[in-house]
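All remarks here apply to the structure that follows.
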Amino acid sequence: VVHDRVPYFFSDQYDLGMEYSGWAPPGAYDQVVIRGDAGKREFIAFWVKEGRVLAGMNVNVWDVTDPIQALIRARTPVDTDALADPHVPLDTLVP
Numbered sequence: 024v025v026h027d028r029v030p031y032f033f034s035d036q037y038d039l040g041m042e043y044s045g046w047a048p049p050g051a052y053d054q055v056v057i058r059g060d061a062g063k064r065e066f067i068a069f070w071v072k073e074g075r076v077l078a079g080m081n082v083n084v085w086d087v088t089d090p091i092q093a094l095i096r097a098r099t100p101v102d103t104d105a106l107a108d109p110h111v112p113l114d115t116l117v118p
């Protein structure tokens with residue numbers, strides 16, 4: 024049996040809901056990719072190292088935990104332009 028659990032936590036702060044998956048300590052990533060509109064507080068942030076998703080945090084965007092965790096588990100490079108594009112379904116980026 025392989026233990027393949029992705030670290031996860033969530034928090035709801037008034038009208039702001041967040042879910043964080045993965046682990047990206049300072050210095051472990053070389054890029055943060057934003058998908059959506061951070062100004063409207065509806066976005067997903069991805070911490071990326073050499074094209075691989077290390078962590079993701081969805082803010083007021085729901086039902087995306089499974090594809091975010093699948094991208095983390097895949098440990099393969101992803102097209103960061105497609106990752107940033109909210110019109111590209113996340114599950115199509117999972118190998």
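Its first residue numbered 24, the sequence shown is counted upward by one per residue in this note's numbering.
Even glycine gets a Cβ: it sits at the ideal position worked out from N, Cα and C.
Within 10 Å of its beta-carbon, does ALA51 have 16 or more other beta-carbons around it, so buried, or fewer, so exposed?
On the sequence shown, residue 51 is found 28 positions in, with the first residue counted as 1. Under this definition ALA51 is an exposed residue.
Just to confirm, are GLU73 and ASP53 a CB contact at a threshold of 8 Å?
Here residue 73 is taken as the residue at index 50 of the sequence shown, counted from 1. Here residue 53 is taken as the residue at index 30 of the sequence shown, counted from 1. Yes. Within cutoff.
Going straight from the alpha carbon of ASP104 to that of PHE33, what length do you get?
The residue given as residue 104 occupies position 81 in the sequence shown. The residue given as residue 33 occupies position 10 in the sequence shown. Looking at the two C-alpha atoms, the distance is approximately 26 Å.
Once DSSP output is grouped into helix, strand and coil, what is the label at ALA13?
The structure shown does not extend to residue 13, since the chain is modelled only from 24 through 118, so no value can be given for it.
Locate the beta strand (DSSP E) running through LEU77, then write down its first and last residues.
Taking the first residue of the sequence shown as position 1, residue 77 is located at position 54. It spans 75-82 - the beta strand (DSSP E) in which LEU77 sits, taken as one unbroken run.
Are GLY79 and ALA68 closer than 8 Å when you measure CB to CB?
Locating residue 79 in the sequence shown gives position 56, counting from the first residue. Locating residue 68 in the sequence shown gives position 45, counting from the first residue. In contact: GLY79 and ALA68 (Cβ atoms closer than 8 Å).
With LEU39 as the anchor, note down where its alpha helix (DSSP H) starts and where it stops.
Reading the sequence shown from its first residue, position 16 is the one you call residue 39. Judged by DSSP secondary structure, LEU39 falls outside any alpha helix (DSSP H) and instead within the beta strand (DSSP E) spanning 39-45.
The beta strand (DSSP E) spanning ASP35 covers which residue range?
If you number the sequence shown from 1, residue 35 lands on position 12. From DSSP, the beta strand (DSSP E) with ASP35 extends over 31-36.
According to DSSP, is ALA68 part of a helix, a strand, or is it coil?
Working through the sequence shown from its first residue, we reach residue 68 at position 45. Strand.
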